[in-house]
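Position in the sequence shown (first residue = 1) + 15 = this note's numbering.
Backbone N, C-alpha and C define an ideal beta-carbon position, used for all residues, glycine too.
All values derive from a computational prediction rather than experimental measurement.
Below: the structure, in structure tokens.
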Amino acid sequence: MSLDEQNLAPTKGLVLLADAVSEDFGLLAALHDREPTAEALTALRTTPASDWFGVRLDQSIYDALDGALALLPDPIDQRALDSLAADYADIYLVSTYEAAPVESYWRDDENLVCQDSMFDVRSWQTLYGMQAENWRRRSDDHLVLQLLFLSHLAEFQTEIALRDAARFLDRHLLLWIGDFAARIEQRARKPWFKALVAATAAHAEATRNLLETALDEPRWHPPEIDKPEATDLCQLKKALKFIPGTGPSW
16 MSLDEQNLAP TKGLVLLADA VSEDFGLLAA LHDREPTAEA LTALRTTPAS DWFGVRLDQS
76 IYDALDGALA LLPDPIDQRA LDSLAADYAD IYLVSTYEAA PVESYWRDDE NLVCQDSMFD
136 VRSWQTLYGM QAENWRRRSD DHLVLQLLFL SHLAEFQTEI ALRDAARFLD RHLLLWIGDF
196 AARIEQRARK PWFKALVAAT AAHAEATRNL LETALDEPRW HPPEIDKPEA TDLCQLKKAL
256 KFIPGTGPSW
């Protein structure tokens, strides 16, 4: 049974929610972790996408995942795998699409990696006994490590850990995953990766909604930065006419 805001009754406790969140984010992390194999894709194709996750998503997400798998040959041959591997490399390894799967890239004004977001995510992970295996190869704020961290938090099956999962979503994954998904939708070649990234973004949103309902944990939104209003050039020119020294000197 998939969880949604309607069937998440308080009497079911937090364990059911924690199990679903942990398993779902663990699955998503595994799917993003490396280029897909014939065995993995074939296994996924034997089960409808609507049965993959404990958290309920929109039907369009399931349709996109099932449709992407249906487009692959049966059996999945080496040519198809090579094509998927090339798109995987362009997304996750060399950022050909200008869509790096790391938070710093999206939150830094110059799209630099290994910035403040990485260190903040690292502090979260350290608090719960996690660390990146090699931050130079895959930084702490990488998509896979953020998904694994959310899965890890839910494994504790405690209210405080689930509240921290909600707060981590607000302060990290949800701040950039939507932009990443939109860029992949525009530029990736393979429907599989478009569907997978879209499902990841949708799952993060759906999970946050469930945590808000179950824990009464309101969403945190980053403070808005005040931007100066654009100056009307014509009004500026009029004002300058009356400032001594700005007119003709003859």
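Helix, strand or coil at residue i [DSSP, three-state]
i	result
H236	coil
V128	coil
V109	coil
G144	coil
R60	helix
D39	helix
E50	coil
W139	helix
R186	helix
D89	coil
A114	coil
D155	coil
T246	Unreliable positioning characterises T246 in this predicted model, as indicated by a pLDDT of 45, which lies under 50. The coordinate reading is nonetheless provided below. Looking at T246 - three-state DSSP - the assignment turns out to be coil, as it is neither helix nor strand.
Residue span of the alpha helix (DSSP H) that contains residue i, given as start and end
i	result
E227	206-230
Y103	93-103
G82	74-85
R122	118-122
V70	From DSSP, V70 is part of no alpha helix (DSSP H); its letter is neither H nor E.
Q161	158-170
L177	174-183
D194	189-202
Inter-residue Cα distance where the pair is residue i and residue j
i	j	result
G144	F171	12 angstroms
T57	E239	46 angstroms
L177	I199	29 angstroms
L87	R94	10 angstroms
R204	F164	29 angstroms
V159	H47	6 angstroms
Burial state of residue i (16 or more Cβ within 10 Å)
i	result
F134	exposed
H187	buried
E118	buried
R71	buried
D6	Coverage of the chain is limited to positions 16 through 265, which leaves residue 6 absent and any answer about it impossible.
H236	exposed
A64	buried
Q146	exposed
D185	buried
V136	buried
V212	buried
Closer than 9 angstroms to chain C by CB, residue i
i	result
E50	The chain labelled as chain C is not found in the depicted structure, where only one protein chain is given.
Any non-hydrogen atom of the ligand ADP closer than 8 angstroms to residue i Cβ
i	result
D34	Ligands are entirely absent from the displayed structure, and the ligand ADP is therefore not among its contents.
Nearest-angstrom beta carbon gap, residue j and residue i [assumed within contact, 8 angstroms]
i	j	result
W121	F195	7 angstroms
A100	E50	4 angstroms
L80	A214	6 angstroms
L222	V36	First, the residue type needs correcting, since residue 222 is Thr and not Leu in the sequence shown. T222 to V36, Cβ: 6 angstroms. Contact.
W67	L42	7 angstroms
A219	L189	6 angstroms
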